[in-house]
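Residue numbers (the working numbering): 54 to 542.
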């Protein structure tokens, strides 16, 4: 019973964070969503940690086995603390000069990861809570894509269609900025796909189906790349039996059907339910039918491929697709768009405007790194040092919209600026130690199902903001994947 007590307390915390945290947006709409979620994070964690401390005082905590994770987590926290002590403005760095990404937040992430890994284990209950939360968030996002503003999240009666005209940025759902929503989806959707493929739980089909139109109409290129990597990783890790292959085909059929509906849906101001048939819609419907048909296609009894054969086949297929994609990008003759930018990058040409001006931001961040390479400028201090402004004239209103970059748009580069090479090394060491631990537990179905989502989020972090609106979910799920082995209750 001693082990169950700490586990139950942690379960309550996990369900609160996975179910309520993504949906909570405060009482001031998108204008204060970051502050609201930060307060929620501190409140929930501030109740959970003292509860564990009380159990420790009462000698009711389970014994935690020694693992390479703990020194790595402690080292990362220590480096962040040292960087904070040596920075120019420790008072400002404690909360962060940008959006609450300072020392306090870094320490909370470390405690979340360590606490969940020590006192919990992955359960369907946790993932169902996340699935419900994501489904509700996506339902709201679809309403907003249709021109609605049901919870008054947009100020002044504006809607989604006013972005770029009356306000900068793109906002959807209860998360806020679509880049941060992409981060949540990059973590959650591959996990849901993995749970369906591995365990056959059909309730996890709903969130990905809802996510398809949101991603197609408002997703970023970084999310597309990360999800593509997750598909490849998921196929290699999970498709080890023909039954799993059949489930993957059914999952693909659902996604194709959702994509067909999304392509036909052409919402606009005052016309939320306008549909138009396009040739691509017919192709997607055909693809859905083919995938569904293949999923029920009878196979000869003697056809029993081994897991190794299936993985080799998918690896060859992924390699062929990657080669074809590379050839297409290298031979692209267009003069704009994402493929054009990739073509120029592969030819060694990088303009500041590439990647929605990320190249310009990254160059400015690298200049900061060169000035303080070892311990950086202090946790959360990138926003105080970065001086990158964007302006755009809007002909519809006659106004000029301006915004300032207060984020590196790359989680790893942000760590490099804030806490230096030592801080980045600590972050990568933490991820590497977690990866080693997870690799030894891939035979556990729940762990295997979670891995593609973690890999997807690590790729998206190359282009993401890494704020407290989405990062706590990553450390929670990573902690579950690294959780201590315990007998079932």
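C-beta atoms are modelled at their ideal positions from N, C-alpha and C, and glycine is treated no differently.
{"query": "Pairwise C-alpha distance: residue 174 and residue 125", "result": "20 Å"}
{"query": "Classification of residue 55 by the beta-carbon crowding that lies within 10 angstroms, buried from 16 upward", "result": "Summary for residue 55: the model assigns pLDDT 46, below 50, so the residue's position carries little reliability, and this model does not support an answer."}
{"query": "Nearest-angstrom Cα separation, counted from residue 199 out to residue 225", "result": "11 Å"}
{"query": "Residue from 238, 135, 256 whose Cα sits closest to the Cα of residue 279", "result": "238"}
{"query": "Contact belief for residue 240 with residue 530 at Cβ below 8 Å, rounded distance in angstroms", "result": "6 Å"}
{"query": "Minimum length 4: unbroken alpha helix (DSSP H) runs contained in the segment 64-152", "result": "86-110, 122-139, 143-148"}
{"query": "Continuous beta strand (DSSP E) stretch holding residue 444: start and end", "result": "442-447"}
{"query": "Residue of 205, 246, 218 minimising C-alpha distance to residue 227", "result": "205"}
{"query": "Length of the line joining the Cα atoms of residue 62 and residue 384", "result": "56 Å"}
{"query": "C-beta atoms of residue 508 and residue 473 nearer than 7 Å", "result": "no"}
{"query": "Nearest-angstrom Cα separation, counted from residue 299 out to residue 439", "result": "50 Å"}
{"query": "Inter-residue spacing [alpha-carbon to alpha-carbon] between residue 352 and residue 251", "result": "20 Å"}
{"query": "Rounded distance between the beta-carbons of residue 122 and residue 486, thought under 8 Å", "result": "5 Å"}
{"query": "Within 7 Å, strictly: CB atoms of residue 265 and residue 236", "result": "no"}
{"query": "Residue 318 in three-state terms, based on DSSP", "result": "strand"}
{"query": "Proximity below 7 Å, CB of residue 374 to CB of residue 341", "result": "no"}
{"query": "Distance, residue 498 Cα to residue 437 Cα", "result": "44 Å"}
{"query": "Segment contact, 8 Å Cβ cut-off, at least three pairs: the segment 454-469 with the segment 186-199", "result": "no"}
{"query": "Beta-carbon gap between residue 304 and residue 262 smaller than 7 Å", "result": "no"}
{"query": "Three-state secondary structure (DSSP) of residue 207", "result": "coil"}
{"query": "Residue 90 and residue 522 closer than 7 Å at C-beta", "result": "yes"}
{"query": "Proximity of residue 130 and residue 94 at Cβ, strictly below 7 Å", "result": "no"}
{"query": "6 Å Cβ shell around residue 83 - same chain, five flanking residues per side excluded", "result": "206, 224, 229"}
{"query": "Beta-carbon proximity list for residue 319, same chain, < 8 Å, skipping 5 on both sides", "result": "327, 328, 329"}
{"query": "Simplified DSSP assignment, three categories, for residue 230", "result": "strand"}
{"query": "Beta-carbon gap between residue 363 and residue 292 smaller than 7 Å", "result": "yes"}
{"query": "Nonlocal neighbours in the same chain, by C-beta distance under 6 Å from residue 307, ignoring five residues either side", "result": "258, 262"}
{"query": "Reduced DSSP secondary structure (H/G/I, E/B, other) of residue 411", "result": "helix"}
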